[in-house]
Amino acid sequence: MKNCCLAFIVFIIFGCASKDDFEAVYDVPEEFQPIVETFVVEASSRGVDIKLTNLIIRYDDALEDNVCGRSNTLDKDPGFQKIILINSGKCWLNDLQKEALIFHEMGHCILGRAHDETLLPNNAPKSMMVKNDISVYSGCIYALGGDTSCNKTNRREYYLDELFNESTPIPDWAN
Ligand SMILES: [Zn+2]
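Here the sequence shown is numbered in our numbering, starting from 4 and rising by one per residue.
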């Protein structure tokens with residue numbers, strides 16, 4: 004009986020302590036570090052203060068071919084380790100697509116945002132939290148015959164505004 008109670012007390016102490024004992028890990032490969040830093044700077048310039056101590060980013064061979072990245076939580080403050088997995092097939096075709104992928108995944112696990120499939124009046128996604136599109140503010144991949152309509156880099160400002168503030172007004176280019 005005595006041992007039983009002791010075991011129960013030990014269980015209570017360690018059982019309750021385990022959550023407080025959670026030690027967040029920050030482990031971002033050098034390749035992605037500048038993007039993560041840009042995220043924090045862009046957030047700060049929009050009045051959103053972010054301190055990153057809980058984030059692991061790593062490549063994962065096991066992601067399905069059509070999945071460029073995956074965050075393990077949509078919770079800003081989950082009380083467990085946040086992990087972003089990146090498809091080792093490297094989905095992006097330029098640096099802005101790579102940034103958009105990392106920002107999208109950080110939108111999930113750092114900002115707590117879910118997917119948003121809303122469209123703007125010109126049928127462009129309302130948010131970079133749209134599913135399966137890392138080209139929302141991409142430059143041209145193949146610019147044929149001097150056609151520059153594929154160049155969407157001027158949209159980056161809006162998509163970042165919207166990422167940190169869902170109530171951002173519709174931009175002029177979307178009308
Ligand atoms: Zn997503």
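Note that CB positions come from ideal geometry on N, CA and C, so glycine has one too. Bear in mind the structure is a predicted one, so any value in this text is a computation, not a measurement.
(request) Report the option in 55, 139 and 60 whose CA atom is closest to the CA atom of residue 91. (result) Translated into positions along the sequence shown, residue 91 becomes position 88. Ranking 55, 139 and 60 by Cα distance to residue 91 puts 60 first.
(request) Name, in chain order, the residues that DSSP records as bridge partners for residue 90. (result) Counted from its first residue, the sequence shown places residue 90 at position 87. Answer is 63.
(message) Between 167, 177 and 158, which has its C-alpha nearest residue 48's C-alpha?
(response) The residue labelled residue 48 in the question sits at position 45 within the sequence shown. If we check each option's Cα against that of residue 48, 167 comes out closest.
(message) For the beta strand (DSSP E) containing residue 74, name the first residue and the last one.
(response) Position 71 of the sequence shown, counted from the start, is the residue given in the question as residue 74. First-last of the beta strand (DSSP E) with residue 74: 72-74.
(message) Does the beta-carbon of residue 101, which I'm using as the reference point, lie nearer than 7 Å to any heavy atom of ligand 1?
(response) As a first step, residue 101 must be located in the sequence shown, where it is residue number 98. Not under cutoff, so the answer is no.
(request) Give the secondary structure of residue 96 by DSSP, where H, G and I count as helix, E and B as strand, and everything else as coil. (result) Position 93 of the sequence shown, counting from 1, holds the residue named residue 96. Taken through DSSP and simplified to helix, strand or coil, residue 96 comes out as coil.
(message) With a threshold of 7 Å on Cβ separation, who are the neighbours of residue 120 within its own chain once the five nearest residues in sequence on each side are excluded?
(response) Here residue 120 refers to the residue found at position 117 of the sequence shown. Closer than 7 Å at Cβ, skipping near neighbours: 133 and 134.
(message) Quick check on the DSSP output: the alpha helix (DSSP H) that includes residue 43 runs from which residue to which?
(response) In the sequence shown, residue 43 corresponds to position 40, counting from 1. Per DSSP, residue 43 belongs to the alpha helix (DSSP H) from 36-48.
(request) Assign residue 39 to one of two classes, buried (16 or more other C-beta atoms within 10 Å of its C-beta) or exposed (fewer than that). (result) For this step, residue 39 is matched to residue 36 along the sequence shown. Buried, by the Cβ-count rule.
(request) Note down the Cα distance separating residue 44 from residue 172, rounded to an integer number of angstroms. (result) Start at 1 with the first residue of the sequence shown, and residue 44 comes out as number 41. Start at 1 with the first residue of the sequence shown, and residue 172 comes out as number 169. Whole-angstrom Cα-Cα distance: 22 Å.
(request) Identify, in the order they occur along the chain, each residue of the same chain with its Cβ nearer than 8 Å to the Cβ of residue 78, setting aside the five sequence neighbours on each side. (result) Here residue 78 corresponds to residue number 75 of the sequence shown, with the count starting at 1. The answer, listed in chain order, is 112 and 115.
(request) Name, in chain order, the residues that DSSP records as bridge partners for residue 30. (result) Against the sequence shown, residue 30 aligns to sequence position 27. Note: residue 30 sits in a beta bridge opposite 59.
(request) Could you tell me which of 33, 84 and 68 sits nearest to residue 27, measuring between CA atoms? (result) As a position in the sequence shown, residue 27 is number 24, starting the count at 1. Nearest option by C-alpha distance: 84.
(message) Taking the straight line between their C-alpha atoms, what separation do you get for residue 97 and residue 103?
(response) Counting from one through the sequence shown, the residue named residue 97 turns up at place 94. Counting from one through the sequence shown, the residue named residue 103 turns up at place 100. The straight-line gap from Cα to Cα measures roughly 10 Å.
(message) Measuring straight from C-alpha to C-alpha, what distance separates residue 124 and residue 67?
(response) As a working note, residue 124 is residue 121 in the sequence shown. As a working note, residue 67 is residue 64 in the sequence shown. About 32 Å.
(message) Nearer than 7 Å: is that true of the beta carbon of residue 79 relative to any heavy atom of ligand 1?
(response) One-based indexing of the sequence shown puts residue 79 at position 76. No, since every heavy atom of ligand 1 falls outside the 7 Å radius drawn around the Cβ of residue 79.
(request) Look up residue 77 in the DSSP assignment and say whether it is helix, strand or coil. (result) Within the sequence shown, residue 77 is the residue found at index 74, counting from 1. In the structure shown, residue 77 sits in coil (DSSP, three-state: anything other than H, G, I, E or B).
(request) Compute the Euclidean distance between the alpha carbons of residue 176 and residue 95, then round it to the nearest angstrom. (result) One-based indexing of the sequence shown puts residue 176 at position 173. One-based indexing of the sequence shown puts residue 95 at position 92. One C-alpha to the other measures close to 24 Å.
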